[in-house]
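**Q** As they're listed, the protein sequences go chains A and B.
Just add 2 to the spot in the first sequence (first one is 1) and you have the numbering used here.
Just add 4 to the spot in the second sequence (first one is 1) and you have the numbering used here.
From the three backbone atoms N, C-alpha and C, an ideal C-beta is built for every residue, glycine too.
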Amino acid sequence: MSGIPIYASAGQRVWYYSFRVICGLVFFFLIAPVLVIIPLSFNAQDFFTFTPEMLRLDPAGYSLKHYQDFFSNSDWQLAMANSLKIAPLATMLSVGLGTLAAIGLSQSHVPFRRAIMAILISPMIVPLIISATGMFFFYTKLGLWMEDTLGVSKSFTGYFKVVLAHAALGIPFVIITVTATLTGFDQSLTRAAASMGAGPVRTFFRVQMPLILPGVISGALFAFITSFDEVVVVLFVGSAAQKTLPWQMFIGLREQISPTILAVATLLVVVSIMLLTTLEILRRRSERLRGLSPG
Amino acid sequence: MTDATQETSGPIVAADGRPLRQSLNRALRRQKIRALLLIAPLLAFIMVSFVIPIGDMLFRSVENQIVPETLPRTTALLGDWDPDLGEPPPEAVFAAFYTDLVLAEERKLHTRLGSRLNYENSGVASLFRATGRDVGRFDTDIYTDQLVAAVPDLEDGAKWAGWMAEPPVRDALPQTADAYDGWAQMVAEVHNADPVTRQPADFVFAALYRDLAAGAAPPPPLDVDVGGFETVSIRDQFAASDPKWLDTGVWRTMRAYAGPLTNGYFLNAVDMMKSADGPRVRPENERIYLTLFLRTMKMSLVITGLCILLGYPVAWILANLPLRSANLLMILVLLPFWTSLLVRTSAWKILLQQQGVINDLLVGIGLVGDGSRLELINNSTGTIIAMTHILLPFMILPLYSVMKTIPPSYLRAAKSLGANDWTAFWRVYFPQSAPGVGAGSILVFILAIGYYITPELVGGTKGVFISNRIAFHISSSLNWGLAAALGTILLVMVLVLYWAYDKLVGIDNVKLGG
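1) Under DSSP, the alpha helix (DSSP H) around residue 97 (chain A) begins and ends at which residues?
2) Mind pulling the beta strand (DSSP E) runs of 3 or more residues that sit fully within the region 126-154 of chain A?
3) Jot down the residue ranges of each uninterrupted alpha helix (DSSP H) in the region 208-277 of chain A, minimum 4 residues, whole runs only, in chain order.
4) Can a CB atom of chain A be found closer than 8 Å to the CB of residue 352 (chain B)?
5) What does the Cβ neighbour count give for residue 249 (chain B), buried or exposed, with the cut at 16 atoms within 10 Å?
6) Is there a Cβ from chain B that is less than 8 Å from the Cβ of residue 14 (chain A)?
7) Is residue 443 (chain B) close to chain A, meaning its C-beta is less than 8 Å from at least one C-beta of that chain?
8) Considering only C-alpha positions, which residue in the set A:172, A:133, A:248 and A:20 is nearest to residue 101 (chain A)?
9) Closer than 8 Å, Cβ to any Cβ of chain B: which residues of the region 85-103 of chain A, in chain order?
10) Look up residue 466 (chain B) in the DSSP assignment and say whether it is helix, strand or coil.
11) Less than 8 Å between the CB atoms is what I'm expecting for residue 317 (chain B) and residue 28 (chain A), so what's the real figure, rounded?
12) Roughly how many angstroms separate the alpha carbons of residue 268 (chain B) and residue 71 (chain B), rounded to a whole number?
13) Specify the secondary structure class of residue 285 (chain B) as computed by DSSP and reduced to three states.
14) Of all the CB atoms in chain B, is at least one closer than 8 Å to the CB of residue 267 (chain A)?
15) Chain A beta carbons: is any one of them nearer than 8 Å to that of residue 50 (chain B)?
16) In whole angstroms, what separates the C-alpha of residue 486 (chain B) from that of residue 66 (chain A)?
17) Is there a Cβ of chain B sitting closer than 8 Å to that of residue 79 (chain A), yes or no?
18) Report yes or no: is there a C-beta of chain A within less than 8 Å of the C-beta of residue 398 (chain B)?
19) Cutting at 6 Å between CB atoms, please list the residues of its own chain near residue 355 (chain B), excluding the five before and the five after it.
20) Give me the subset of the region 22-54 of chain A whose CB atoms are less than 8 Å from a CB atom of chain B, sorted by chain position.
21) Step through the CB atoms of chain B and report whether any lies within less than 8 Å of the CB of residue 270 (chain A).
22) If you follow the alpha helix (DSSP H) that residue 391 (chain B) is part of, which residue opens it and which one closes it?
23) Under 9 Å between beta-carbons, which chain B residues line up against residue 256 (chain A)? List them in chain order, please.
24) Residues of chain A with CB closer than 7 Å to the CB of residue 456 (chain B), please, in chain order.
25) When DSSP builds the beta bridges, which residues end up paired with residue 290 (chain B)?
26) Any idea what DSSP makes of residue 3 (chain B), helix, strand or coil?
27) Sort out for me which residues DSSP pairs residue 45 (chain A) with in a bridge.
28) Establish whether the CB of residue 187 (chain A) and some CB of chain B are separated by less than 8 Å.
29) Skipping 5 residues on each side, what residues in its chain have a beta carbon closer than 6 Å to that of residue 55 (chain A)?
30) Any beta carbon from chain A within less than 8 Å of residue 517 (chain B)'s own beta carbon?
31) Give the single residue among A:84, A:240, A:234 and A:242 whose Cα lies nearest to the Cα of residue 455 (chain B).
32) Which residues, taken in chain order from the region 239-264 of chain B, show a beta carbon closer than 7 Å to some beta carbon of chain A?
33) Near residue 76 (chain B), which residues of its chain fall below 8 Å by C-beta distance, leaving aside the five closest residues on each side in sequence?
34) In the DSSP assignment, the alpha helix (DSSP H) including residue 255 (chain B) goes from what residue to what residue?
35) Can you tell me whether residue 483 (chain B) is buried or exposed, with buried defined as 16 or more other CB within 10 angstroms of its CB?
36) Ignore the nearest five residues each way along the sequence and tell me which others in residue 275 (chain B)'s own chain have a CB closer than 6 Å to its CB.
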């Protein structure tokens with residue numbers, strides 16, 4: 003669609019422009035709700051709408067008080083600390099196990115490949131509420147067993163349960179992105195490394211890993227955001243000591259909604275912009291590499 | 005390779021002297037084992053932490069151990085009772101139930117059982133609780149007193165333990181032995197005491213009286229003649245505690261749920277119930293789950309339809325613009341996709357409020373009067389708007405990747421052959437984009453029917469999905485079996501749809517973020 007041809011009829015012209023307007027409206031629908039909370043979060047009042055001062059762009063209408071509240075409120079701080087603890091650990095677990103399995107799955111002769119793939123992808127398919135329910139029963143038993151038999155502290159088991167649950171949820175994303183990267187990986191490179199005397203471990207870290215790294219990183223980002231955004235499973239598996247940012251937001255939205263949520267939401271939008279940028283850079287890089295060496 | 009050639013030239017051998025085929029098979033086997041070893045840790049992890057827990061949860065939808073485990077004696081006898089005669093069960097059933105209930109009360113299991121049966125017949129929970137308080141004070145102590153008066157040794161726990169260890173006594177007094185075993189186990193487990201040091205409870209004496217009254221002839225000194233004993237009817241004792249025990253209703257429920265497995269939860273999940281003559285549909289005003297399933301499906305379909313309607317033009321423009329501007333516009337799709345679900349839900353919650361930005365705007369431009377602000381939230385409208393926004397990228401991305409592969413020259417060719425714009429689109433372009441529409445629709449629909457968070461926060465009571473009901477039964481009503489049955493039905497629906505999706509695009513071809 004590179005412009006409208008000069009021979010277009012009046013009707014075609016009208017359609018051409020109204021189509022663009024429709025698309026513009028859909029794009030607006032997609033992005034506006036995300037963007038509108040950013041100015042609202044600087045509201046000096048405890049309102050969820052634009053005050054007349056804000057519309058006049060009067061500096062008195064804006065303030066950072068919701069951000070101050072976020073950074074001084076112990077509930078929110080605990081939630082943020084928990085999110086920053088749980089998400090990286092869950093990511094490491096799912097990336098570690100997931101990458102190994104993806105390499106195994108991309109070998110040429112894997113028995114029961116489809117069945118294995120279906121099982122590994124299942125956490126993404128099963129509706130979250132069902133995963134959460136199943137995990138609720140299982141991890142309650144596991145937690146009690148750990149506390150009674152192994153004598154582990156309650157706090158440790160709490161985090162352990164949530165990390166394991168989130169790792170399971172993140173694994174399909176790692177599997178999908180890494181196997182996708184590996185389909186473009188030239189297996190003769192590993193054979194070449196082996197023929198020059200490198201062991202399997204050395205081959206993996208020196209030859210295979212650097213080449214599939216972009217896939218691994220984007221898988222890790224998906225796993226991270228899965229855990230970082232996840233609320234259903236943590237509501238069921240975790241206890242109040244493990245409440246994460248989404249948990250705190252969920253409670254806030256359900257019970258009494260405070261404008262601090264706007265500040266948190268804005269910060270999370272910034273996080274997603276950073277993630278998106280990283281992914282985009284990775285994609286460009288792999289496109290460039292593929293452009294240099296086709297096939 | 006035929007045998008003849010092998011015989012003439014001999015098998016081809018590898019460098020180490022083995023036949024080549026064997027050597028190849030060995031290498032292949034080694035490769036397979038290595039691949040499986042790489043997969044094994046993850047597979048084990050997913051099986052243990054995900055697949056088995058879900059299987060266990062699904063099993064709860066048919067599991068009913070609590071009834072036969074808590075009331076083993078009663079459930080064994082209830083099968084012979086015919087509820088259609090309109091009579092309460094015979095004295096023997098009440099006697100067995102008395103033993104079961106005393107033991108359950110000591111173990112504090114009767115309230116749990118009461119809540120379990122309360123799902124099927126409301127009122128049972130309070131009945132169990134109230135009678136649980138009375139059952140220890142039933143007038144059965146007259147048997148204890150009369151038997152002890154006849155045989156003073158019956159006060160001695162050690163003597164009891166001795167008798168109950170002798171097979172001839174046990175054979176002669178089956179009910180007594182059974183009641184004594186239950187009592188001794190309970191004393192050891194609940195009171196941490198040695199049964200030898202205690203006199204058995206009244207219900208054991210009542211059992212002994214029943215055995216003797218039935219004509220049992222145990223060895224002396226237990227062969228008491230109970231002919232002249234003062235008796236008490238256990239059925240009357242229950243009736244005195246609560247007259248409801250003489251109704252057939254509660255006994256019917258116990259009888260219907262006596263087995264270790266039940267289809268009761270599934271029947272409940274589809275608005276049916278057990279009755280004397282098989283499953284039957286609940287009355288109109290009690291049907292909630294089918295309504296909820298239908299609403300979930302209907303709203304998911306509406307959301308999917310809206311996503312197609314909004315997503316198709318956007319995907320088309322993204323696929324047909326020059327790469328640079330398309331990539332720029334793609335950010336507008338990917339940013340919401342990557343933004344936290346809760347951020348998007350809270351944005352809608354804030355925007356759609358009666359005092360929110362959208363209503364302010366509509367009032368500001370005079371479309372809506374200040375007094376008649378639109379109710380956009382806490383109903384199905386709110387759920388549909390917010391979920392369409394949240395799921396729209398899942399429609400646009402597969403559509404885009406399919407449309408990207410349709411050469412624009414096809415449309416031009418159709419037009420040059422005389423098709424007008426609409427015919428060219430509908431007959432040439434749309435059929436080629438149909439796989440994208442199919443993939444996107446199934447994906448959006450699957451995600452929509454399992455949604456929990458957004459309906460919970462913006463749906464009010466009229467806009468909630470089946471997931472919300474499952475969560476309610478897990479965390480509030482604690483009717484886990486029903487939650488599991490509802491979950492199983494939902495899971496089966498999703499799996500069928502995924503099977504279709506797999507046939508259409510393949511599960512491992514899911515595109516993540518373009």
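**A** Concretely, from the data shown:
1) Position 95 of the first sequence, counting from 1, holds the residue named residue 97 (chain A). Here the alpha helix (DSSP H) through residue 97 (chain A) covers 76-107.
2) none
3) 211-231, 234-239 and 247-256
4) Working through the second sequence from its first residue, we reach residue 352 (chain B) at position 348. Cβ-Cβ to chain A under 8 Å: yes for residue 352 (chain B).
5) Residue 249 (chain B) sits at position 245 when you count from the first residue of the second sequence. Buried, by the Cβ-count rule.
6) Counting from 1 along the first sequence, the entry for residue 14 (chain A) is found at position 12. Yes, residue 14 (chain A) lies at the interface with chain B (some Cβ there is under 8 Å from its Cβ).
7) In the second sequence, residue 443 (chain B) corresponds to position 439, counting from 1. Chain A, which has no Cβ nearer than 8 Å to the Cβ of residue 443 (chain B), makes this no.
8) Within the first sequence, residue 101 (chain A) is the residue found at index 99, counting from 1. Checking every option, the nearest Cα to that of residue 101 (chain A) belongs to A:172.
9) 99, 100, 102 and 103
10) Translated into the one-based positions of the second sequence, residue 466 (chain B) becomes position 462. In this structure, residue 466 (chain B) counts as coil in the three-state DSSP scheme.
11) Within the second sequence, the letter at position 313 stands for residue 317 (chain B). Within the first sequence, the letter at position 26 stands for residue 28 (chain A). Indeed they touch by this definition, with Cβ atoms about 7 Å apart.
12) Mapped onto the second sequence, residue 268 (chain B) falls at position 264. Mapped onto the second sequence, residue 71 (chain B) falls at position 67. When rounded, the distance between both Cα atoms is 13 Å.
13) The residue labelled residue 285 (chain B) in the question sits at position 281 within the second sequence. Three-state DSSP puts residue 285 (chain B) in a strand.
14) One-based indexing of the first sequence puts residue 267 (chain A) at position 265. True, the Cβ-Cβ gap to chain B drops below 8 Å.
15) Taking the second sequence and counting its residues from 1, one reaches residue 50 (chain B) at position 46. Yes, its Cβ sits closer than 8 Å to a Cβ of chain A.
16) If you number the second sequence from 1, residue 486 (chain B) lands on position 482. If you number the first sequence from 1, residue 66 (chain A) lands on position 64. Each residue's alpha carbon lies about 48 Å from the other.
17) Taking the first sequence and counting its residues from 1, the one referred to as residue 79 (chain A) is at position 77. No, its Cβ sits nowhere closer than 8 Å to a Cβ of chain B.
18) Your numbering for residue 398 (chain B) matches position 394 in the second sequence. With 8 Å as the cut-off, residue 398 (chain B) does not count as an interface residue toward chain A.
19) One-based indexing of the second sequence puts residue 355 (chain B) at position 351. Here the set comprises 361 and 362.
20) 22, 24, 25, 28, 29, 31, 32, 33, 35, 36, 38, 39, 42, 49, 50, 51 and 52
21) By one-based count along the first sequence, residue 270 (chain A) stands at place 268. Closer than 8 Å to some Cβ of chain B, the Cβ of residue 270 (chain A) qualifies, so yes.
22) Counting from one through the second sequence, the residue named residue 391 (chain B) turns up at place 387. It spans 384-407 - the alpha helix (DSSP H) in which residue 391 (chain B) sits, taken as one unbroken run.
23) For the purposes of this step, residue 256 (chain A) is identified with residue 254 of the first sequence, where counting begins at 1. Per Cβ cutoff of 9 Å: 460 and 461.
24) Your numbering for residue 456 (chain B) matches position 452 in the second sequence. Here the neighbours are 130, 131 and 234.
25) Taking the first residue of the second sequence as 1, we reach residue 290 (chain B) at position 286. Partner(s): none; residue 290 (chain B) has no beta bridge.
26) This structure gives no information on residue 3 (chain B), because the portion of chain B shown stretches from 5 to 518.
27) Along the first sequence, read from residue 1 onward, the residue named residue 45 (chain A) stands at position 43. Answer is A:64, bridged to residue 45 (chain A).
28) Numbered from its first residue, the first sequence carries residue 187 (chain A) at position 185. Chain B contact via Cβ: absent.
29) In the first sequence, counting from the first residue as 1, residue 55 (chain A) sits at position 53. So the list reads 62 and 63, once near-sequence residues are dropped.
30) Taking the second sequence and counting its residues from 1, the one referred to as residue 517 (chain B) is at position 513. Confidence in residue 517 (chain B) is poor, its pLDDT being 39 and thus under 50, which makes the residue's placement unreliable; the coordinate value appears in the next sentence. Yes - at least one Cβ of chain A is within 8 Å of the one on residue 517 (chain B).
31) Looking up residue 455 (chain B) in the second sequence gives position 451. The shortest C-alpha separation from residue 455 (chain B) is found at A:234.
32) none
33) In the second sequence, counting from the first residue as 1, residue 76 (chain B) sits at position 72. The residues are 104.
34) For the purposes of this step, residue 255 (chain B) is taken as the residue at position 251 of the second sequence. Per DSSP, residue 255 (chain B) belongs to the alpha helix (DSSP H) from 253-260.
35) As a first step, residue 483 (chain B) is located in the second sequence; it is residue number 479 there, counting from the start. Its Cβ being crowded by 16 or more others within 10 Å, residue 483 (chain B) is buried.
36) Taking the second sequence and counting its residues from 1, one reaches residue 275 (chain B) at position 271. Taken in chain order, the residues that qualify are 286, 291, 293 and 294.
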